[in-house]
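Each remark here refers to the structure printed beneath this line.
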Amino acid sequence: MNSRDFILQKIRNAMVPVPVESVGELPPLQESENPSVETMGKTFSDALEALTGKCLRVSSLAEAWAAFEKLAKENHWDHFSSSESPLLEKFFPREYFHGNGRKKLYLGEKEGETIKEKLAQIPVSVNFPQFLIAETGTCVMLNQTAHQRLNCYLTPACVMVAFASQLRENLQSAWEGVAEQTADPATRGEYVLVTGPSRTADIERVSVLGVHGPKQLFVILIQD
11 MNSRDFILQK
21 IRNAMVPVPV
31 ESVGELPPLQ
41 ESENPSVETM
51 GKTFSDALEA
61 LTGKCLRVSS
71 LAEAWAAFEK
81 LAKENHWDHF
91 SSSESPLLEK
101 FFPREYFHGN
111 GRKKLYLGEK
121 EGETIKEKLA
131 QIPVSVNFPQ
141 FLIAETGTCV
151 MLNQTAHQRL
161 NCYLTPACVM
171 VAFASQLREN
181 LQSAWEGVAE
191 QTADPATRGE
201 YVLVTGPSRT
211 ADIERVSVLG
221 VHGPKQLFVI
231 LIQD
């Protein structure tokens, strides 16, 4: 037995096995109260704004675009990044996909790749999450390509666009939808939970926004 094997054997001998039967079923985090969509919308908005995010509640796609245009004007956003989604062409007007409009909307490269340097120069990304968790003000994103992954992180500001019907009471409720989607063998990628703007207090316990991701997070919530 060499020294490496000797050390590993000592570690194995010192390890205390955990009986499988001692690990019981985890209890539910909380009992579902089956709140209304309106109640969940308010809870989501309050939770997000407590984290310095902002929720804009609108009644139609047309109002959602008007709210986005206002944000763009106020924040001097002149070009945007997004990724493929069934809602994409319903949200952005046609001119953003044709002619000179292509310069305003970056959708990544072929095969879902992205050019990091190009994306890093874009002031805001637009994303379309799968679910919204009311309890924590969280957006649940399914990222299936390199561009989708970086779209959440690399721009200084991030806008999420979703319908009120995508609201879920808590993580457990959202998990049911995630499990259903991942049961499809064609589903690939990763789910990301976005809860407010990026923040860290790693350096001298001083909270700083925008270190690991967007400094601003806006959610446009459409009543449907």
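Whatever position you read off the sequence shown (first residue = 1), add 10 for our numbering. Heads up, the beta-carbon is just placed ideally off N, CA and C, and yes, glycines get one too.
What residue range is occupied by the uninterrupted alpha helix (DSSP H) comprising residue i?
i	result
F78	L71 to N85
K64	Note, K64: premise wrong, no alpha helix (DSSP H); beta strand (DSSP E) at K64 to V68.
N23	S13 to A24
L142	First-last for L142: F141 to I143, but that is the beta strand (DSSP E), not the alpha helix (DSSP H).
S55	V47 to A60
N161	A156 to N161
E99	L98 to F101
Relative to the C-alpha of residue i, which residue among the options is closest?
i	options	result
K128	I143, M50, N161 and R104	N161
H89	N180, E179, T165 and P96	T165
K126	H157, I21 and M170	H157
W185	P195, R159 and L152	L152
A144	L227, L58 and G187	L58
P103	E121, E119, F78 and K120	F78
Q226	A24, V136 and E119	V136
R178	A24, K20, F54 and F16	F54
Would a C-beta distance cut-off of 9 Å place residue i and residue j closer than the cut-off?
i	j	result
P6	W87	In the structure displayed, the chain extends from 11 to 234; residue 6 sits before or after that span and is not available.
F173	D234	yes
K80	V229	no
P207	T62	yes
T197	C149	no
F101	A76	no
L97	F107	no
V68	S175	no
L155	N180	In the sequence on display, residue 155 carries Thr and not Leu. For T155 and N180, no; Cβs fall outside 9 Å.
Can you check DSSP and say which residues form a bridge with residue i?
i	result
A172	L231
F90	L115 and V134
A189	DSSP, once it has assigned bridges, lists no residue as partnering A189.
R178	I143
A167	V134 and Q226
Kindly indicate the opening and closing residues of the beta strand (DSSP E) around residue i.
i	result
E200	E200 to T205
L152	T148 to N153
Using a Cβ cut-off of 9 Å (strictly closer), state whether residue i contacts chain C.
i	result
V188	In the structure shown, chain C cannot be found, because there is only a single protein chain.
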